[in-house]
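Trainee: Those protein sequence lines, which keep their order, are chains A and B.
Heads up: the first sequence is residues -19 to 268, going by this note's numbering.
Heads up: the second sequence is residues 42 to 201, going by this note's numbering.
Every residue, glycine too, gets a C-beta built ideally from N, C-alpha and C.
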Amino acid sequence: MAQLDYLAPLKVEDAVKALAATGSYALAGGTDLLVQLRSGRIRPDTIVDLKRIAGTIGIREEAGGFVIGAATPGAMIGEHEALSRAWPGLVEAVSLIGSTQVQGRASLAGNLCNASPAADSVPAMIAARAVCVVVGPAGRREVPVEAIGTAPGRTSLAPGEFVLEIRLPPRPARSSDAYLRLIPRTEMDIAVVGAGVNLTLDAAGVVIEAQVALGAVAPTALLVPDAGAALVGSKLDEASLAALDTAARAACHPISDKRGTAEYRTKIAGVLARRAAFIAYERAGARA
Amino acid sequence: MSKPHISAIVNGDPVEFLADPGMTLLDALRDELSLTGSKEGCGSGDCGACSVIVDGRLVCSCLMLAAEAEGRRVDTIEGLAQGGRLHPLQQKFLEHAALQCGFCTPGLLMAAKALLDANPDPTETEARYWLAGNLCRCTGYDKVIRAVMDAAAELRQVKV
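Take a look at the structure:
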């Protein structure tokens, strides 16, 4: 700890330079990083606080979509009315993370880059087809959310790279989303399974686009294209829901641990995907 | 590797202190500023005993570096009573016997204050969810909730 240095750069370039050094860790809300620091699980040489960089905190509408600063706290996301109307599933996923105190600090990019397979916001972001703006020594690149996590605690980010902001695409009419997680109680726990569903309907109520993502059933959150495809062309009749359920279960390769067995997680993934699809469908229909 | 020099506003007063780069806000409040009302229960963001309000947001001060407080406004339990008069939440905690050992109480009071600042008329369910990050191991939660709901009612009357 005697060696630790704290930097709070104002410019992206300075943060990139600082993060390129071995032993440098990015700090957003710190609700995971500080726990790891204090338990001795990580021993950083330098902590690079990203929150003084313009744009890392805040939500703005741009080109019909939303841009969420990487370090924007969950509470601010939950309070944003336009975002909550357009992306209720994503907002409910974020709002499920931790306590009120954790919501005061915890961020989307932190939840993503901590790379827990059970991170609640990640399946919702993947189903939303959210894209990360990643900055680093080689410049700026856009990366789909599902390409960030590679294994528990690991990301595809190169040394010096960090997520600057997260972009949500423009929302067509009759589109909405939902996120459900199973925990053995009602609050303050980690997902046994999480499922995010994002739908667009036509004027007749037929699903024309569907994305399904699952959390806590594999080493990383999963986009499940077959599960989404099962809903397209349907009004969520039992045959399409059964196909969704089957595709969701087929994508699972979870571990068994104290939160649940692999068999249980797999079964629940299908159940939550069905229920989230229903909620997303009702919400989408109401957004004519 | 120099010690950052931190300037912040704590309970309305400008303060300056030196903090090791790895020092938490909680340790700075307790050890540098002698504000020992905020407690460390778990040190991992689970218990809420260290709850303070930073720029209007409830946070765990054990999960924030002191250096991050540069230029921020920090409100702690020491600032809750005004001019020797208990805040209505403190008064109601006493009246409802909503504390026994008192270790969780500063965190619960700050969390409850943040709730009533954001939502002066919470339902009991809203209050229970809001306070789910504050653990109490002796009093239990029912008296706490009764005290918070009663204080909320009183504060609403004062405003009218």
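What residue ranges within the segment 104 to 178 of chain A form continuous alpha helix (DSSP H) runs of no fewer than 4 residues, ordered along the chain?
Mentor: Counting only runs of 4 or more, we get nothing.
Trainee: Is it buried or exposed for Gln(-17)/A, if we count other Cβ within 10 angstroms and need 16 for buried?
Mentor: Gln(-17)/A comes out exposed.
Trainee: So the candidates are Ser96/A, Ile128/A, Val251/A; which of them puts its Cα closest to the Cα of Ala110/A?
Mentor: Considering only alpha carbons, the answer is Ile128/A.
Trainee: Tell me whether the segment 119 to 135 of chain A and the segment 94 to 106 of chain A touch, counting them as touching only if at least three CB pairs, one residue from each stretch, are closer than 8 Å.
Mentor: Output reads yes: the segment 94 to 106 of chain A touches the segment 119 to 135 of chain A.
Trainee: What first and last residue would you give for the alpha helix (DSSP H) that runs through Gly283/A?
Mentor: The displayed coordinates of chain A run from -19 to 268. Any statement about residue 283/A would go beyond what the structure contains.
Trainee: Quick one: grab the DSSP three-state call for Ser48/B.
Mentor: Correct three-state label for Ser48/B: strand.
Trainee: What residues are listed by DSSP as bridge partners for Pro205/A?
Mentor: Looking at the DSSP assignment, Pro205/A forms no beta bridge with any residue, so it has no partner.
Trainee: Pull the bridge partners of Thr180/A from the DSSP assignment, please.
Mentor: DSSP lists Ser155/A, Glu189/A as partners of Thr180/A.
Trainee: Along the segment 81 to 111 of chain B, where does the CB come closer than 7 Å to a CB of chain A? Name the residues.
Mentor: Here the close residues are Gly84, Ser85, Gly86, Gly89, Ser92, Arg98, Leu99, Val100, Cys101, Leu104, Met105, Leu106, Ala108, Glu109.
Trainee: What's the C-alpha gap between Pro103/A and Asn91/A?
Mentor: Each residue's alpha carbon lies about 11 Å from the other.
Trainee: Quick check on DSSP: helix, strand or coil for Gly148/B?
Mentor: In this structure, Gly148/B counts as helix in the three-state DSSP scheme.
Trainee: List the residues of chain B whose Cβ lies closer than 7 Å to the Cβ of Ala55/A, in chain order.
Mentor: The answer, in chain order, is Arg98.
Trainee: Pull up the distance between the alpha-carbon of Gln83/A and that of Gly49/A, whole angstroms please.
Mentor: C-alpha separation (whole angstroms): 15 Å.
Trainee: Taking C-alpha atoms, which residue in Ala60/B, Glu109/B, Asp54/B lies nearest to His46/B?
Mentor: That would be Ala60/B, whose Cα lies nearest to the Cα of His46/B.
Trainee: Could you name the residues of the same chain whose beta carbon sits closer than 6 Å to that of Ala73/A, not counting the 5 residues immediately before and after it, in chain order?
Mentor: Hits under 6 Å: Asp100, Ser101, Ala104, Tyr159.
Trainee: May I ask which residues mark the beginning and end of the beta strand (DSSP E) holding Val47/A?
Mentor: Counting along the chain, the beta strand (DSSP E) containing Val47/A begins and ends at 45 to 49.
Trainee: Use the C-beta contact count for Asn175/B: other C-beta atoms within 10 angstroms, 16 or more gives buried, fewer gives exposed.
Mentor: That one is buried.
Trainee: On the three-state DSSP scale, how would you describe Cys232/A?
Mentor: In the structure shown, Cys232/A sits in coil (DSSP, three-state: anything other than H, G, I, E or B).
Trainee: Taking the alpha carbon of Ala89/A as the reference point, which residue from Pro68/A, Ala107/A, Ala43/A, Asp12/A has its own alpha carbon closest?
Mentor: Looking at the Cα atoms, Asp12/A is the closest of the given residues.
Trainee: Relative to chain A, which residues along the segment 170 to 190 of chain B have a C-beta separation below 7 Å, given in chain order?
Mentor: If the cut-off is 7 Å between Cβ atoms, the segment 170 to 190 of chain B has Tyr170, Trp171, Ala173, Gly174 near chain A.
Trainee: So, with DSSP's three-state summary, where would you put Glu(-7)/A?
Mentor: Helix, per DSSP.
Trainee: Could you tell me the alpha carbon to alpha carbon distance between Ala196/A and Glu218/A, rounded to whole angstroms?
Mentor: Roughly 26 Å separates the two Cα atoms.
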